[in-house]
Amino acid sequence: MTYAMIGTWAMALSGVQRAAATLAADGTAGDAVETAIQVIEDDPSLTSVGYGGLPNEQGMVQLDGAYMNGDNFQIGAVAGVEDVASPIALARLLAKERVNNFLVGTGAEAYADQHGLARKNMLTSGAKTAWQKRQVEVGQGGRLTPYDGHDTVGMIALDARGHIRVGTSTSGLFMKHAGRVGDSPQPGNGFYADSAVGAAAATGLGEDLMKRPLCFEIVSLMAQGMPVQEAMDKAVYTFIDQLQARNGAVGEFSYIALDHQGNFGVATNVEFQYAVFSDRVAPRLYLAMPGND
Ligand code: SD4
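Residues -19 to -1, 1 to 274 (mature numbering (1 follows the signal peptide of the UniProt record, and there is no 0)) are what the sequence shown spells out, left to right.
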């Protein structure tokens, strides 16, 4: 049976490599997504996800993440959580609840404690130094630009039994306001999954990504019979053009998607690397260029 996995940015490769063994040994898509994202969350050298993620204006690391079960549409999501070692583990646990699926801040942290999830100080000394340096620059009249040091990890897995799961995890934007929430934990915007069809995940400037639920739109177009790449081209580039025409300002948009047969697609308006693994392809990185040619 076909199995496959796709993840955002070059950092996804180490996670996909780790999860490859799980999928190849008839493991579940949920375990593959959680394992792959945790590899990224645990890596202090990656400054946009989990431990080592860059802090907000106040010097706090606030994390967003989500998990979706494509079989029953259950969603778990967290936003603005502090000192939780694995937001994806927390989101996956929340996806099992009947209610209270999306928790923020201290409520999410209390839930993590009640369920025995690991807590840890997520601010590394490297991230603190980057924050202090930015304070000095701002003090010297430098502009506060929140839009750097960001890359969300999004992972989609299809297992050999046809189950599809998607997950996201991010520290959002460096120097964001306290309490700012991006697209990554928002269903339809940051992610969407339907095991009968496929799934999609987003990365880029959350403030723009949440202007249209493109992950849901991509999956909807696929449900109508459109091939995955065509669905992405139609949904993503149409909206980018619309936003450009009506708003002028367009941030970074990058999307990955996988269909229930293991075919994948990508749409982006920046140079974008992504990692893929399947029963046909050993774990590897691809590079997508902006535009739909
Ligand atoms: C956010 N979409 O919080 C995330 C950040 C990101 O590439 O993915 N940047 O807005």
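From the three backbone atoms N, C-alpha and C, an ideal C-beta is built for every residue, glycine too.
With contact defined as three or more Cβ pairs closer than 8 Å, the stretch 197 to 211 and the stretch 77 to 86 are not in contact. Annotation for Asp52 indicates a beta carbon at 7 Å or more from all heavy atoms of ligand 1. In this structure, the beta-carbon distance from Leu71 to Ala91 does not fall below 8 Å. Going by DSSP, Asp222 is part of the alpha helix (DSSP H) stretching over Thr219 to Asn228. Comparing alpha carbon positions, the residue from Gly206, Gly86, Thr(-12) and Gly272 closest to Val162 is Gly86. In the DSSP assignment, Ala58 falls within the unbroken beta strand (DSSP E) covering Ile56 to Val62. With 16 or more other Cβ atoms from the protein chains shown falling within 10 Å of its own Cβ, Glu22 counts as buried. Less than 8 Å divides the Cβ of Gly33 from the Cβ of Asp24. Between ligand 1 and Leu44, a heavy atom-to-CB distance of less than 7 Å is absent. Val134 is a Cβ neighbour of Thr151, given a cutoff of 8 Å. Per DSSP, reduced to three states, the secondary structure at Tyr92 is helical. Linking Gln121 to His158 through their CA atoms gives a straight-line distance of about 20 Å.
Here Thr9 carries a coil assignment [DSSP, helix/strand/coil]. In the displayed model, Gln116 falls within a helix according to three-state DSSP. Closest option to Val(-4), judged by alpha-carbon separation, among Ala(-16), Arg73 and Ala6: Ala(-16). By the Cβ test, the stretch 5 to 17 is not in contact with the stretch 33 to 42, since fewer than three Cβ pairs between them sit closer than 8 Å. Excluding five sequence positions before and after Met(-19), the CB atoms of its chain that fall closer than 6 Å to its own CB belong to Ala141, given in chain order.
Taking the C-beta atoms as reference points, Leu139 is found no nearer than 8 Å to Gly246. Closest by C-alpha distance to Ala58, out of Trp112, Lys192 and Ser165, is Ser165.
Non-local beta-carbon contacts of Ser259 in its own chain, meaning distances under 6 Å to residues more than five positions away in sequence, involve Ala(-16) and Gly243 in chain order. Here Ser67 is buried: its Cβ has 16 or more other Cβ atoms, across all protein chains shown, within 10 Å.
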